Amino acid sequence: MSNIRITKQFSFETGHALYGYDGKCKNVHGHSYKLSVTVIGSPITDRSNVKFGMVIDFTDLKKIVKEEIVDQFDHATVFNGTTPHVELANELITRGHHVILVDYQPTSENMVVDFSKRIINRLPEGIALFSLKLQETDSSFAEWYASDNVKSTL
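Residue numbers are given in my numbering: position 52 of the sequence shown equals residue 53, and the series is strictly consecutive.
This is the structure we're talking about:
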């Protein structure tokens, strides 16, 4: 059976600041992120299965991505919790803001790596994450491909 890639797109609003950065992004600001999630697998061949002909039900993929990423990051502010930004984060938390502290600089590059791990851990057997595209503006995005992240056996 052929392998088929299935893609679902998501959008969410997230704020962040880049600690120590030498440009405007050192300030707290936000983006209207667009996330494209592509998985790969073979369509189900069991005619008695209600998902017959599907690699994965789009609804099932949506549930995974919403729970792991969209519901957590939408309208949140992300800070690197290993920098002095943790003080600002704690102040915002005491004022009732939704803040996520991560152990990395919250760039699109690092966020897409984090998202890949979250999704991979939830995919059913036989389905693999093929790629992610995290678009932070109309002209700027980071991409993650499984093929670029295969561990060497040497």
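By construction, the Cβ of each residue, glycine as well, lies at the ideal position given by its N, Cα and C atoms. Quick caveat, the model's predicted, so the values are computed rather than measured.
- Using a 10 angstroms sphere on the CB of residue 81, the tally of other CB atoms reaches 16 or more, which defines it as buried.
- Below 8 Å, enough C-beta pairs join the region 92-110 and the region 133-144 to call them touching: three or more.
- In this structure, the beta-carbon distance from residue 39 to residue 117 does not fall below 9 Å.
- Residue pairing by DSSP places residue 132 opposite 39 and 146 in a beta bridge.
- Membership of residue 6 in the beta strand (DSSP E) is indicated by the continuous run 5-17.
- Across the set 10, 9, 5 and 18, the C-alpha of 18 shows the shortest separation from the C-alpha of residue 90.
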